[in-house]
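Undergrad: What follows is a single structure, and I will ask about it in a moment.
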Amino acid sequence: HIGFSVIKIKNIKANKVYFTEVDVLDRTPLLDIKPYVKYFDSRANVISGWLDKHFRNGNIPDKTIIK
Numbered sequence: 001h002i003g004f005s006v007i008k009i010k011n012i013k014a015n016k017v018y019f020t021e022v023d024v025l026d027r028t029p030l031l032d033i034k035p036y037v038k039y040f041d042s043r044a045n046v047i048s049g050w051l052d053k054h055f056r057n058g059n060i061p062d063k064t065i066i067k
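Residue numbers (full-length UniProt numbering): 1 to 67.
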């Protein structure tokens with residue numbers, strides 16, 4: 001299986017890319033990096049299935065926030 005994540009690059013040093021804000025297991029291989037271009041990569045009218053009912057009106061349920 002291949003997944004897709006939008007990540008935040010923290011540092012690039014000695015041919016290694018350090019990144020955060022990704023949902024993968026440790027030691028998961030990174031196959032490719034492409035820039036995020038808001039003009040092409042964002043989508044309007046996206047439907048997120050069952051998640052939509054939990055995030056109505058931009059509200060984030062308390063149980064999803066780690067304090």
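All C-beta atoms in this analysis are idealised placements derived from N, C-alpha and C, irrespective of residue type, glycine included.
To the nearest angstrom, how far is the alpha carbon of P35 from that of E21?
TA: 15 Å
Undergrad: If you draw a straight line from the alpha carbon of P29 to that of I2, how long is it in whole angstroms?
TA: 10 Å
Undergrad: Does DSSP put N11 in a helix, in a strand, or in coil?
TA: strand
Undergrad: Tell me the rounded alpha-carbon separation between V46 and L25.
TA: 26 Å
Undergrad: Express the C-alpha separation of V6 and F19 in angstroms, rounding to a whole number.
TA: 10 Å
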